[in-house]
Amino acid sequence: MQKVIFIILAALFAFGCQAEEPQKTSETAKRYPLTGKVISVDKSAKTARIEHEEIVGFMEKMTMDFPIREDWVWEDLVPGAIVYGELVVDSTAKDPYWLEKISISAAPNP
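Just so we're on the same page, this note's numbering is the position in the sequence shown counted from 1, plus 3.
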């Protein structure tokens, strides 16, 4: 009986520890080029506050937080860095917008 309980608990644990499947982008998602300066970074929330240029046809110049799904960026993304990327807007997704295809220019030396 203990073996059966152990096997059931082990199976439940294994299924519960699986990584969350990445969100898929819908066919109706829109993509816009983005250029901006990093103001702050929240690695735990995987967001960066970016002062971005006008996004032609979508949004005026402003400062806002952007989710970033790419894990590699968090070592190089620092306040003052200039970022180039693609803003994805997908109203059907859990997160309706995020940045991807990011490149980072080093922050200027003080």
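Idealized CB from N, CA, C, for every residue including glycine.
Reduced DSSP category for Val76 - H, G, I as helix; E, B as strand; rest coil: Translated into the one-based positions of the sequence shown, residue 76 becomes position 73. It is helical.
Who are the near neighbours of Thr31 in its chain, counting only those whose CB is closer than 8 angstroms to its CB and skipping five residues on each side? The sequence position of residue 31 within the sequence shown is 28, counting from 1. The answer, listed in chain order, is Asp93, Ser94 and Thr95.
From Val81, Val59 and Ala84, residue whose alpha carbon lies closest to that of Lys33: For the purposes of this step, residue 33 is identified with residue 30 of the sequence shown, where counting begins at 1. Cα-wise, what sits closest to Lys33 is Val59.
If Pro70 sits next to Val44, beta carbons under 8 angstroms apart, how far is it from one beta carbon to the other, in whole angstroms? As a working note, residue 70 is residue 67 in the sequence shown. As a working note, residue 44 is residue 41 in the sequence shown. 12 angstroms between Cβ atoms; not a contact.
For Gly60, which of helix, strand or coil comes out of DSSP? As a working note, residue 60 is residue 57 in the sequence shown. Gly60 falls in the coil class under three-state DSSP.
Straight-line Cα distance separating Glu78 from Leu102: As a position in the sequence shown, residue 102 is number 99, starting the count at 1. As a position in the sequence shown, residue 78 is number 75, starting the count at 1. In a straight line, the C-alpha of Leu102 is about 16 angstroms away from that of Glu78.
CA nearest to the CA of Ile85, picked from Glu73, Tyr35 and Arg52: Here the question's residue 85 lines up with position 82 in the sequence shown. If we check each option's Cα against that of Ile85, Arg52 comes out closest.
Among Lys40, Ile105, Leu37 and Thr38, the one whose alpha carbon lies nearest that of Glu73: Here residue 73 corresponds to residue number 70 of the sequence shown, with the count starting at 1. When only C-alpha atoms are compared, the closest one is Ile105.
Measure the C-alpha to C-alpha separation of Phe61 and Pro36 and round it to an integer number of angstroms. One-based indexing of the sequence shown puts residue 61 at position 58. One-based indexing of the sequence shown puts residue 36 at position 33. So the alpha carbons of these two residues sit roughly 10 angstroms apart.
Quick check: the Cα distance between Lys97 and Ala109, rounded to an integer number of angstroms? Numbered from its first residue, the sequence shown carries residue 97 at position 94. Numbered from its first residue, the sequence shown carries residue 109 at position 106. Rounded to whole angstroms, Lys97 to Ala109 spans 31 angstroms at the Cα level.
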